[in-house]
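In our numbering, the protein residues as written are 17 to 116.
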């Protein structure tokens, strides 16, 4: 009986070590430029974007008038937060800067 308990403790310890290693090796953090690129790619893929521009404080989008602007602004502000960019950038849409 003691051998079985000792065997289970050893197996569980090894399993725990492997699971901790797997958690440590998760995807490395991506750079700010890559996060901005993903944001722009999302906008271009999902909406009819005429122009995109980034300066030091704003991400500018010139979008088609047929797009629901409220939906676009809400979605893109959520994406700014998801990509951890909302503290750095505000969203500008067709020349007007949105609330942020």
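All C-beta atoms in this analysis are idealised placements derived from N, C-alpha and C, irrespective of residue type, glycine included.
Computed from a predicted structure; not experimentally measured.
Candidates the options, of which the one nearest residue i by Cα
| i | options | result |
| --- | --- | --- |
| residue 58 | 26, 21, 77, 33 | 77 |
| residue 69 | 109, 48, 21, 51 | 109 |
| residue 83 | 22, 18, 63 | 63 |
| residue 106 | 19, 34, 65, 72 | 72 |
| residue 97 | 21, 54, 29 | 54 |
| residue 61 | 27, 49, 47, 88 | 88 |
| residue 95 | 19, 28, 52 | 52 |
| residue 75 | 29, 101, 25, 21 | 101 |
| residue 13 | 80, 48, 26, 85 | Residue 13 is absent from the model: the chain starts at 17 and stops at 116. |
First through last residue of the beta strand (DSSP E) which encompasses residue i
| i | result |
| --- | --- |
| residue 108 | 106-109 |
Assigned secondary structure, residue i (DSSP; H/G/I helix, E/B strand, else coil)
| i | result |
| --- | --- |
| residue 74 | strand |
| residue 24 | helix |
| residue 35 | helix |
| residue 29 | helix |
Boundaries (first-last residue) of the alpha helix (DSSP H) holding residue i
| i | result |
| --- | --- |
| residue 94 | 85-98 |
| residue 55 | 48-62 |
DSSP bridge partner residues for residue i (one or two, in chain order)
| i | result |
| --- | --- |
| residue 79 | 65 |
Distance, residue j Cα to residue i Cα
| i | j | result |
| --- | --- | --- |
| residue 91 | residue 45 | 23 Å |
| residue 22 | residue 33 | 17 Å |
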